[in-house]
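Numbered according to my numbering, the sequence shown spans residues 99 to 541.
Notes for the one structure printed next.
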Amino acid sequence: MRDKLLAAIENKTANVVVLGLGYVGLPVACLFAEAGFPVAGIRRSQEKVDLINRGICPIEGKEPGLAELVARVVAQGRFYATTDYAACRDAQVVLIAVETPVDPATKKPAYSALRGALADLGRDLSPGTMVIIESTIAPGTMAGVVQPILEETSGLKVNEDFFLVNCPERVMPGKLLANIRGCHRVVGGMSADAADLAVRFYRSIVDADLDAVDCLTAELVKTMENAYRDVQIAFANEMALLCEDVGADVWQVRPLVNKSPYRHMHLPGAGVGGHCIPKDPWLLVANASDGFEPRLTQAARAINDGMPLHVVDLTVEALRRAGVEIADATIAVLGYAYLENSDDTRNSPSQVFVARLQELGARVTVHDPYVRPYQGKLLESIRGSDAVAVMVAHDQYRDLDLGALRAHVAQPILVDGRHVFSSQQARAAGWAYYGVGSGPVGA
Ligand code: SAJ
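Here it is as structure tokens:
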């Protein structure tokens, strides 16, 4: 079984099928096609399948090289998309890249997309195939969910009839292709042979380290690296709250802390959004025993989830000091994406911020140069507002002329959730400044 697959990988004749053609599946499918493999991509949406088969990339946002790559490999006949799982019957390598969210209420993994893809694949799984999970999954999922579903639906036995691998992705919006080619990756195999075959397979598109390990290690690495970042950000946020409390400016303190060797205090801000950092700490501990208490990772989640509400508190206090009740106020929100210069709004802190302001009775306008419903004129968005709240550090906002804007607002109050402006800059332009980490400065 191994030798036949090894030959097909080495000579790039292995039929590759990618399940899930989103921001992970589509670029990796096209890179394997560009490397010379015949690749089929499976996606449930016929509309998106038709777009791709016309050589059009359905992913929005700035992704250098991706649109051209999709057009090229489709035109060369090396890659096509379909909604039909029957393509799996002839596959020698199947790569699964479907979403693995957590339930918002229970914070437990919500694996319906993964379970569906595995069951559909199992019915068409042929002996000798290598199945690779790229999705981020809770440690223990390969052994506890993936292997059982594939064995039950296919009647095949892992390591005897098929190879099973977890190779978590490390893509980032705006750098999809660069990260797939250039980021080190951990390659977890249900057997040493499986890991070795997967390393040889990924070597055709990855220029960085490919570290062969067992599946549990691979699952832990991916979820742990993002929990690590969440804790780092939470520390920065707690230090910002401390500085506000004692009347200091975290933006003066932070660079001096980072002058100390081996310190890298992250950026305090209006919250932590996106498709991975808010959920991966929950996946990391999802299968821990009841006796294990993930105190630090959960405290970090609570701190970061509390930041959009802290910006609400800053806004309410700023208005109070200007004699304006929040229920009578108009707030202009700058930024709705979760990340600067991105159109991605998944788990955006601005969603929480806007909802809470509206609960308090405020009238809210939203502007975001990248997010379709909010791309109007910025001046229209802030005209007559009682406070302007910056929630995302889009480049466009950094260039704003605060002096000129002052004439268009009802109250010159600037609430800065991302330290886009300094308190000195704002005050010099005649604004009352309330920043995360510096609080009410010169108000
Ligand atoms: N954020 C802060 N302070 C910081 C850094 C980020 O508040 O110091 C906020 C951002 O505003 C955003 C959220 O956290 O709302 C997430 O930002 P991010 O820079 O982590 O961007 P993501 O969500 O795209 O994270 C991805 C992750 N990559 C993968 O999962 C493959 C993450 O592991 C990377 O570390 C991160 O990109 C990166 O470094 O860009």
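Note that beta-carbon positions come from the ideal geometry of N, C-alpha and C, so glycine has one too.
On a predicted model such as this, the values are computed, not experimentally measured, just so you know.
Okay, do the segment 337-345 and the segment 375-388 touch, 3+ Cβ pairs below 8 Å being the bar?
Taking a contact to require three or more Cβ pairs closer than 8 Å, the segment 337-345 and the segment 375-388 do not qualify as touching.
Every unbroken beta strand (DSSP E) within the segment 308-354, with a cutoff of 3 residues, ordered by chain:
Correct list: 308-312.
Roughly how many whole angstroms lie between the Cα atoms of Thr234 and Asn264?
Within the sequence shown, numbered from 1, the residue matching residue 234 stands at position 136. Within the sequence shown, numbered from 1, the residue matching residue 264 stands at position 166. For Thr234 and Asn264, the distance between alpha carbons rounds to 9 Å.
Rounded to the nearest angstrom, how far is the Cβ of Leu167 from that of Cys128, given a contact under 8 Å?
Position 69 of the sequence shown, counting from 1, holds the residue named residue 167. Position 30 of the sequence shown, counting from 1, holds the residue named residue 128. Sure, about 5 Å apart at Cβ, within 8 Å.
What are the boundary residues of the alpha helix (DSSP H) that Ile150 is part of?
Taking the first residue of the sequence shown as 1, we reach residue 150 at position 52. Taken as a continuous stretch (DSSP letters only), the alpha helix (DSSP H) holding Ile150 covers 144-151.
Please name the residue, chosen from Leu124, Asp378, Leu254, Lys146, that lies closest to Pro237 on a Cα-to-Cα basis.
Residue numbering aside, residue 237 sits at position 139 when the sequence shown is read from its first letter. Relative to Pro237, the option among Leu124, Asp378, Leu254, Lys146 whose CA is nearest is Asp378.
Between the segment 187-195 and the segment 147-161, do three or more beta carbon pairs fall short of 8 Å?
No: fewer than three Cβ pairs fall under 8 Å.
So, with DSSP's three-state summary, where would you put Pro406?
As a working note, residue 406 is residue 308 in the sequence shown. Pro406: helix per DSSP, three-state reduction.
Determine the closest residue to Asp493 out of Gly528, Leu432, Ala241, with distance taken between C-alpha atoms.
Taking the first residue of the sequence shown as 1, we reach residue 493 at position 395. For Asp493, the nearest C-alpha among the options comes from Leu432.
According to DSSP, residues forming a beta bridge with Arg187
Within the sequence shown, numbered from 1, the residue matching residue 187 stands at position 89. Paired residues: none, contrary to the question.
Give the DSSP bridge partners of Gly139, in chain order.
Along the sequence shown, read from residue 1 onward, the residue named residue 139 stands at position 41. Bridge partners of Gly139: Val116, Ala179.
Anticipated Cβ contact below 8 Å, Ile401 with Ala453, distance rounded:
On the sequence shown, residue 401 is found 303 positions in, with the first residue counted as 1. On the sequence shown, residue 453 is found 355 positions in, with the first residue counted as 1. Rounded to the nearest angstrom, the Cβ distance from Ile401 to Ala453 is 19 Å, too far for a contact under 8 Å.
If you draw a straight line from the alpha carbon of Ala427 to that of Glu457, how long is it in whole angstroms?
The residue you call residue 427 lines up with position 329 of the sequence shown. The residue you call residue 457 lines up with position 359 of the sequence shown. For the pair Ala427 and Glu457, the Cα-to-Cα distance works out to about 12 Å.
Return yes when the C-beta of Cys341 is under 7 Å from any heavy atom of ligand 1, and no when it is not.
Here the question's residue 341 lines up with position 243 in the sequence shown. Cys341 Cβ: outside cutoff for every heavy atom of ligand 1.
CB-CB under 6 Å to Lys146, same chain, minus the five flanking residues each way: which ones, in chain order?
Here residue 146 corresponds to residue number 48 of the sequence shown, with the count starting at 1. Non-local beta-carbon contacts of Lys146 in its own chain, meaning distances under 6 Å to residues more than five positions away in sequence, involve Pro156 in chain order.
Mind checking Glu267: buried by the 16 CB within 10 Å criterion, or exposed?
Walking along the sequence shown from the start, residue 267 turns up at place 169. In this structure Glu267 is buried. Its beta-carbon is surrounded by 16 or more other beta-carbon atoms within 10 angstroms.
Have a look at Leu275, Ala296, Asn324 and flag the residue whose alpha-carbon is nearest the alpha-carbon of Val285.
Within the sequence shown, numbered from 1, the residue matching residue 285 stands at position 187. Nearest option by C-alpha distance: Ala296.
Examine ligand 1 and report whether any of its heavy atoms sits within less than 7 Å of the Cβ of Pro447.
Here residue 447 corresponds to residue number 349 of the sequence shown, with the count starting at 1. Yes, the beta carbon of Pro447 sits closer than 7 Å to at least one heavy atom of ligand 1.
Under the three-state DSSP convention, the category Ala541 falls into
For the purposes of this step, residue 541 is taken as residue 443 along the sequence shown, with counting starting at 1. Note that Ala541 scores 48 on pLDDT, short of 50, meaning its location in the model is unreliable; the coordinates nonetheless yield the value given after this. Residue state, collapsed to three classes: coil.
Return yes when the Cβ of Leu124 is within less than 8 Å of the Cβ of Gly139, no when it is not.
Here residue 139 corresponds to residue number 41 of the sequence shown, with the count starting at 1. Here residue 124 corresponds to residue number 26 of the sequence shown, with the count starting at 1. Yes; because the gap between Cβ atoms is below 8 Å, this pair is in contact.
When DSSP labels each residue in this structure, what does Asp218 get in the three-state scheme?
Taking the sequence shown and counting its residues from 1, one reaches residue 218 at position 120. Here Asp218 sits in helix by DSSP.
State buried or exposed for Thr204, treating a residue as buried only when at least 16 other CB atoms are found within 10 Å of its CB.
What you label residue 204 is simply residue 106 of the sequence shown in a count that begins at 1. Burial call: exposed.
Where Thr463 sits in the DSSP three-state scheme
Counting from 1 along the sequence shown, the entry for residue 463 is found at position 365. Three-state result, Thr463: strand.
Alpha-carbon spacing of Pro447 relative to Gly369, whole angstroms
Stepping through the sequence shown from its first residue, residue 447 is reached at position 349. Stepping through the sequence shown from its first residue, residue 369 is reached at position 271. Each residue's Cα considered, the two are about 5 Å apart.
Cα separation between Ala541 and Val414?
For the purposes of this step, residue 541 is taken as the residue at position 443 of the sequence shown. For the purposes of this step, residue 414 is taken as the residue at position 316 of the sequence shown. Summary for Ala541: the model assigns pLDDT 48, below 50, so the residue's position carries little reliability; its value from the coordinates is reported in the next sentence. If you take the alpha carbons of Ala541 and Val414, they lie about 13 Å apart.
Report buried or exposed for Asp182, applying the criterion of at least 16 other Cβ atoms within 10 angstroms of its Cβ.
Here the question's residue 182 lines up with position 84 in the sequence shown. Around the C-beta of Asp182, fewer than 16 other C-beta atoms lie within 10 Å, and the residue is accordingly described as exposed.
Quick check on Asp484: buried or exposed, where buried means 16 or more other Cβ atoms within 10 Å of its Cβ?
Within the sequence shown, residue 484 is the residue found at index 386, counting from 1. Counting every other CB atom within 10 Å of its CB across the protein chains shown gives Asp484 a total of 16 or more, marking it as buried.
Contact belief for Glu250 with Val256 at Cβ below 8 Å, rounded distance in angstroms
Translated into positions along the sequence shown, residue 250 becomes position 152. Translated into positions along the sequence shown, residue 256 becomes position 158. Between Val256 and Glu250 the Cβ distance is about 11 Å, and since that is not below 8 Å, they are no contact.
Mind checking Gln451: buried by the 16 CB within 10 Å criterion, or exposed?
The sequence position of residue 451 within the sequence shown is 353, counting from 1. For clarity, residue 451 is Phe in the given sequence; the question names Gln instead. By the 10 Å Cβ count, Phe451 comes out buried.
Look up Met228 in the DSSP assignment and say whether it is helix, strand or coil.
Along the sequence shown, read from residue 1 onward, the residue named residue 228 stands at position 130. Under the three-state reduction of DSSP, Met228 is assigned to strand.
Give the DSSP-derived three-state secondary structure of Val122 in the structure shown.
As a position in the sequence shown, residue 122 is number 24, starting the count at 1. Here DSSP, grouped into helix, strand and coil, assigns Val122 to coil.
Does the distance from the CB of Val243 to the CB of Tyr209 come in under 8 Å?
Translated into positions along the sequence shown, residue 243 becomes position 145. Translated into positions along the sequence shown, residue 209 becomes position 111. Cβ atoms of Val243 and Tyr209: closer than 8 Å.
Ligand 1 and Glu132: does any heavy atom of the ligand fall closer than 7 Å to the residue's C-beta?
To locate residue 132, count along the sequence shown from 1; it is residue 34. Outside the cutoff, so no.
Comparing alpha-carbon positions, which option in Arg496, Val115, Gly120, Met270 lies nearest Gly515?
Walking along the sequence shown from the start, residue 515 turns up at place 417. If we check each option's Cα against that of Gly515, Arg496 comes out closest.
Whose CA, out of Val122, Ser224, Ala310, Lys110, lies closest to the CA of Ala184?
Taking the first residue of the sequence shown as position 1, residue 184 is located at position 86. Of all alpha-carbon atoms in Val122, Ser224, Ala310, Lys110, the one lying nearest the alpha-carbon of Ala184 is that of Ser224.
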